[in-house]
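Peer 1:
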Amino acid sequence: MNIINTDAYRTAFSEYLRRGTPIRLSLKQVADTERYVWRTQRDERVRPSHRMNDGRIFSWSDPPDTGHPGEDYNCRCEAIPYVEGQTEFAFHDFSTSLASSYDRWTDADFVRHYYFGAGRPVTLLEIGHLREIAEHYAHNTLGDGAFRRLSDQIADVARKSGPGGLTYSFRGAYDFGDVQFSHGGGKVEGAFSGTVEDRGAMLAITGESLCPFPDIVIP
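Numbering (this note's numbering), first residue to last: 843 to 1061.
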(Lines of atoms letter the chains of each structure in order from A and count residues from 1; the text may use other names and numbers.)
(Lines give C-alpha, C1' and ligand atoms only; values in the text may rest on other atoms or scores of the structure.)
Protein backbone atom coordinates (compact mmCIF):
# COMPACT_ATOMS: atom_id res chain seq x y z
CA MET A 1 0.00 0.00 0.00
CA ASN A 2 1.38 3.40 -0.96
CA ILE A 3 0.79 6.08 1.63
CA ILE A 4 0.36 8.85 -0.93
CA ASN A 5 -2.16 6.87 -2.99
CA THR A 6 -4.73 5.87 -0.38
CA ASP A 7 -8.12 7.56 -0.74
CA ALA A 8 -8.19 8.54 2.94
CA TYR A 9 -4.78 10.16 2.77
CA ARG A 10 -5.55 12.00 -0.49
CA THR A 11 -8.73 13.42 1.05
CA ALA A 12 -6.93 14.47 4.21
CA PHE A 13 -4.09 15.99 2.21
CA SER A 14 -6.54 17.98 0.07
CA GLU A 15 -8.22 19.35 3.20
CA TYR A 16 -4.82 20.26 4.60
CA LEU A 17 -3.92 22.27 1.49
CA ARG A 18 -7.33 23.98 1.30
CA ARG A 19 -8.06 24.67 4.94
CA GLY A 20 -4.91 23.87 6.89
CA THR A 21 -6.62 20.91 8.62
CA PRO A 22 -3.86 18.77 10.21
CA ILE A 23 -3.44 15.28 8.78
CA ARG A 24 -3.93 12.59 11.40
CA LEU A 25 -0.71 10.72 12.08
CA SER A 26 -2.62 7.44 11.81
CA LEU A 27 -3.24 8.16 8.13
CA LYS A 28 0.48 8.57 7.57
CA GLN A 29 1.21 5.25 9.22
CA VAL A 30 -1.07 3.05 7.11
CA ALA A 31 1.85 2.16 4.88
CA ASP A 32 3.42 -1.30 5.05
CA THR A 33 6.81 0.16 5.93
CA GLU A 34 8.15 1.73 9.10
CA ARG A 35 10.45 4.03 7.12
CA TYR A 36 9.88 6.45 4.28
CA VAL A 37 11.81 8.60 1.79
CA TRP A 38 11.14 12.33 2.01
CA ARG A 39 10.14 13.89 -1.31
CA THR A 40 9.65 17.62 -1.90
CA GLN A 41 7.83 19.35 -4.75
CA ARG A 42 11.18 20.75 -5.95
CA ASP A 43 10.10 24.35 -6.40
CA GLU A 44 10.77 27.72 -4.78
CA ARG A 45 7.90 27.32 -2.30
CA VAL A 46 9.64 24.46 -0.49
CA ARG A 47 11.14 25.44 2.87
CA PRO A 48 14.97 25.27 2.97
CA SER A 49 14.81 22.91 5.96
CA HIS A 50 12.56 20.56 3.98
CA ARG A 51 14.91 20.68 0.99
CA MET A 52 17.62 19.38 3.30
CA ASN A 53 15.39 16.37 4.04
CA ASP A 54 14.72 15.58 0.38
CA GLY A 55 15.86 12.10 -0.63
CA ARG A 56 16.64 11.02 2.93
CA ILE A 57 15.16 8.06 4.79
CA PHE A 58 13.27 8.66 8.03
CA SER A 59 11.29 6.51 10.45
CA TRP A 60 7.70 7.23 11.46
CA SER A 61 8.69 6.52 15.06
CA ASP A 62 11.66 8.92 14.95
CA PRO A 63 10.72 12.09 13.03
CA PRO A 64 13.30 14.64 11.88
CA ASP A 65 13.46 18.06 13.55
CA THR A 66 11.06 19.40 10.91
CA GLY A 67 8.39 16.82 11.72
CA HIS A 68 7.03 14.38 9.14
CA PRO A 69 5.99 15.46 5.62
CA GLY A 70 2.68 17.31 5.65
CA GLU A 71 2.76 18.16 9.35
CA ASP A 72 4.07 21.71 8.98
CA TYR A 73 1.67 24.40 7.81
CA ASN A 74 1.14 24.31 4.02
CA CYS A 75 3.79 21.61 3.62
CA ARG A 76 3.31 19.77 0.31
CA CYS A 77 6.09 17.24 0.82
CA GLU A 78 5.37 13.54 0.46
CA ALA A 79 6.44 10.42 2.33
CA ILE A 80 7.29 7.57 -0.05
CA PRO A 81 7.25 4.18 1.74
CA TYR A 82 10.78 2.79 1.83
CA VAL A 83 11.17 -0.81 0.72
CA GLU A 84 14.79 -1.92 0.84
CA GLY A 85 16.03 -2.95 -2.57
CA GLN A 86 13.09 -1.31 -4.34
CA THR A 87 12.73 2.35 -3.31
CA GLU A 88 15.24 4.78 -4.79
CA PHE A 89 16.77 7.50 -2.64
CA ALA A 90 19.74 9.85 -2.95
CA PHE A 91 21.21 12.77 -1.04
CA HIS A 92 24.39 14.76 -0.47
CA ASP A 93 25.96 15.69 2.86
CA PHE A 94 28.63 18.29 3.59
CA SER A 95 31.81 16.39 4.51
CA THR A 96 33.91 19.51 5.17
CA SER A 97 33.31 21.80 8.12
CA LEU A 98 31.72 25.10 7.15
CA ALA A 99 32.35 26.75 10.51
CA SER A 100 34.24 30.04 10.53
CA SER A 101 35.89 31.89 13.40
CA TYR A 102 36.06 35.13 11.42
CA ASP A 103 33.64 38.04 11.64
CA ARG A 104 31.09 38.12 8.85
CA TRP A 105 31.75 40.76 6.20
CA THR A 106 29.10 43.32 5.29
CA ASP A 107 28.85 45.22 2.00
CA ALA A 108 30.90 48.00 3.63
CA ASP A 109 33.74 45.52 4.19
CA PHE A 110 33.64 44.55 0.51
CA VAL A 111 33.91 48.21 -0.52
CA ARG A 112 36.74 48.83 1.96
CA HIS A 113 38.66 45.84 0.63
CA TYR A 114 38.13 46.98 -2.95
CA TYR A 115 39.79 50.32 -2.27
CA PHE A 116 42.33 49.45 0.39
CA GLY A 117 42.92 45.70 0.11
CA ALA A 118 45.80 46.03 -2.36
CA GLY A 119 44.33 43.27 -4.50
CA ARG A 120 44.85 40.63 -1.81
CA PRO A 121 42.61 37.58 -2.43
CA VAL A 122 40.41 36.53 0.46
CA THR A 123 38.45 33.31 0.87
CA LEU A 124 34.82 32.75 1.80
CA LEU A 125 36.01 31.22 5.07
CA GLU A 126 38.04 34.33 5.87
CA ILE A 127 35.08 36.69 5.32
CA GLY A 128 32.66 34.48 7.26
CA HIS A 129 30.46 33.63 4.27
CA LEU A 130 31.43 30.03 3.55
CA ARG A 131 28.48 28.35 5.28
CA GLU A 132 25.87 30.70 3.77
CA ILE A 133 27.26 30.44 0.24
CA ALA A 134 27.60 26.65 0.42
CA GLU A 135 24.12 26.11 1.88
CA HIS A 136 22.54 28.54 -0.58
CA TYR A 137 24.18 26.67 -3.46
CA ALA A 138 23.22 23.28 -2.07
CA HIS A 139 19.59 23.92 -1.15
CA ASN A 140 18.31 27.15 -2.74
CA THR A 141 19.72 27.69 -6.24
CA LEU A 142 17.28 27.40 -9.16
CA GLY A 143 14.37 26.50 -6.91
CA ASP A 144 15.39 23.02 -5.77
CA GLY A 145 19.08 23.32 -4.87
CA ALA A 146 22.21 21.92 -6.49
CA PHE A 147 22.42 18.88 -4.19
CA ARG A 148 19.07 17.60 -5.42
CA ARG A 149 19.98 18.14 -9.07
CA LEU A 150 23.43 16.61 -8.66
CA SER A 151 22.00 13.49 -7.03
CA ASP A 152 19.68 12.98 -10.00
CA GLN A 153 22.37 13.72 -12.58
CA ILE A 154 24.87 11.34 -10.98
CA ALA A 155 22.22 8.61 -10.77
CA ASP A 156 21.45 9.03 -14.49
CA VAL A 157 25.14 8.66 -15.36
CA ALA A 158 25.43 5.59 -13.11
CA ARG A 159 22.47 3.90 -14.82
CA LYS A 160 24.21 4.31 -18.17
CA SER A 161 27.70 3.33 -17.04
CA GLY A 162 26.82 0.46 -14.69
CA PRO A 163 28.99 -0.93 -11.85
CA GLY A 164 32.55 0.34 -11.45
CA GLY A 165 34.27 3.68 -11.05
CA LEU A 166 32.29 6.81 -11.81
CA THR A 167 33.32 10.41 -12.45
CA TYR A 168 31.06 13.30 -13.34
CA SER A 169 31.93 16.96 -13.90
CA PHE A 170 29.46 19.77 -13.34
CA ARG A 171 29.34 23.56 -13.53
CA GLY A 172 26.78 26.35 -13.43
CA ALA A 173 26.23 30.07 -12.89
CA TYR A 174 24.13 31.16 -9.93
CA ASP A 175 22.99 34.32 -8.15
CA PHE A 176 24.44 34.66 -4.66
CA GLY A 177 23.12 38.16 -4.05
CA ASP A 178 20.66 36.85 -1.46
CA VAL A 179 23.62 35.93 0.74
CA GLN A 180 25.23 39.35 0.34
CA PHE A 181 24.56 41.90 -2.39
CA SER A 182 28.28 42.27 -3.13
CA HIS A 183 28.56 38.65 -4.24
CA GLY A 184 26.17 39.01 -7.16
CA GLY A 185 26.52 36.13 -9.60
CA GLY A 186 29.19 33.48 -9.59
CA LYS A 187 30.15 30.20 -11.16
CA VAL A 188 30.45 26.90 -9.34
CA GLU A 189 32.18 23.98 -10.99
CA GLY A 190 33.32 20.70 -9.58
CA ALA A 191 33.51 16.95 -10.01
CA PHE A 192 32.06 13.82 -8.45
CA SER A 193 34.26 10.77 -8.01
CA GLY A 194 32.95 7.50 -6.65
CA THR A 195 31.92 3.92 -7.27
CA VAL A 196 28.79 2.15 -8.42
CA GLU A 197 27.88 -1.27 -7.01
CA ASP A 198 25.27 -3.71 -8.28
CA ARG A 199 22.71 -4.51 -5.55
CA GLY A 200 20.27 -6.80 -7.31
CA ALA A 201 17.74 -4.61 -9.12
CA MET A 202 19.31 -1.47 -7.63
CA LEU A 203 22.59 0.42 -7.90
CA ALA A 204 24.44 1.72 -4.84
CA ILE A 205 26.42 4.89 -5.54
CA THR A 206 28.97 6.29 -3.08
CA GLY A 207 31.54 9.01 -3.56
CA GLU A 208 32.51 12.61 -3.01
CA SER A 209 31.75 15.82 -4.88
CA LEU A 210 34.34 18.60 -4.74
CA CYS A 211 32.74 22.03 -5.18
CA PRO A 212 35.19 24.94 -5.21
CA PHE A 213 33.81 28.46 -5.65
CA PRO A 214 36.44 30.15 -7.88
CA ASP A 215 34.34 33.17 -8.88
CA ILE A 216 33.05 33.85 -5.37
CA VAL A 217 36.48 34.60 -3.89
CA ILE A 218 37.09 38.34 -3.72
CA PRO A 219 39.93 39.50 -6.02
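Ideal placement from N, C-alpha and C gives every residue a C-beta, glycine not left out. Just so you know, these numbers come straight off a predicted model, no measurement behind them.
1) Between D907 and Y957, what straight-line distance do the alpha-carbon atoms span, to the nearest angstrom?
2) Quick check on this structure: which residue in G987, P1005, A1015 and F1012 has the alpha carbon closest to the alpha carbon of A1043?
3) Could you pull out every unbroken alpha helix (DSSP H) segment of at least 4 residues lying fully inside the region 984 to 1018, listed in chain order?
4) Can you tell me where the beta strand (DSSP E) with I899 in it begins and where it stops?
5) Take R1001 and list the residues in its own chain whose beta-carbon comes closer than 8 Å to its own, dropping the five residues that flank it on each side.
6) Tell me the start and end of each unbroken beta strand (DSSP E) in the region 1021 to 1056 that is at least 3 residues and wholly inside, in chain order.
7) CB-CB under 6 Å to L940, same chain, minus the five flanking residues each way: which ones, in chain order?
8) Residues in its own chain within less than 8 Å of N982 by CB, not counting five upstream and five downstream?
9) Would you report the Cα separation of E1047 and F989, rounded to the nearest angstrom?
10) Quick test of your reading: S1035 and T1009, contact by CB under 8 Å. State the CB separation rounded to the nearest angstrom.
11) Cβ atoms of Y878 and A932: under 8 Å apart, would you say?
12) Look at the alpha carbon of E913 and the alpha carbon of V953, and state the distance between them as a whole number of angstroms.
13) Tell me whether Y878 sits in a helix, a strand or coil according to DSSP, three-state version.
14) Just reading off the alpha helix (DSSP H) that P923 is part of, what are its end residues?
15) For a test of the three-state rule: what should DSSP assign to V888, helix, strand or coil?
16) Does DSSP put S868 in a helix, a strand or coil?
17) With H, G and I counted as helix, E and B as strand and the rest as coil, what does DSSP make of D896?
Peer 2: Reading off the structure:
1) The straight-line gap from Cα to Cα measures roughly 45 Å.
2) Comparing alpha carbon positions, the residue from G987, P1005, A1015 and F1012 closest to A1043 is P1005.
3) The region 984 to 1018 contains these whole alpha helix (DSSP H) runs: 988 to 1003.
4) Taken as a continuous stretch (DSSP letters only), the beta strand (DSSP E) holding I899 covers I899 to S901.
5) For R1001, where only same-chain residues beyond five positions count, the Cβ hits under 8 Å are L1045.
6) Assignment of beta strand (DSSP E) within the region 1021 to 1056, counting only whole runs of 3 or more residues, yields 1027 to 1041 and 1044 to 1052 in chain order.
7) Answer for L940: L972, R973 and A976, listed in chain order.
8) Non-local C-beta neighbours of N982 in its own chain, meaning closer than 8 Å and more than five positions away in sequence, comprise P890, R893 and D1020, ordered along the chain.
9) The residue asked about is misnamed: residue 1047 is Ile in this sequence, not Glu. Approximately 15 Å between the Cα atoms of the pair.
10) Contact flag correct, Cβ pair sits at about 5 Å.
11) Contact flag unset, no.
12) Pairing E913 with V953, the inter-Cα distance amounts to about 44 Å.
13) In the structure shown, Y878 sits in a strand (DSSP, three-state: E or B).
14) No alpha helix (DSSP H) contains P923, which is instead part of the beta strand (DSSP E) from E920 to P923.
15) Coil at V888, not helix or strand.
16) With a pLDDT of 49 at S868, under the threshold of 50, the modelled position of that residue is not reliable, and no figure is offered here.
17) When secondary structure is reduced to three states using DSSP, D896 falls in the coil class, being assigned neither helix nor strand.
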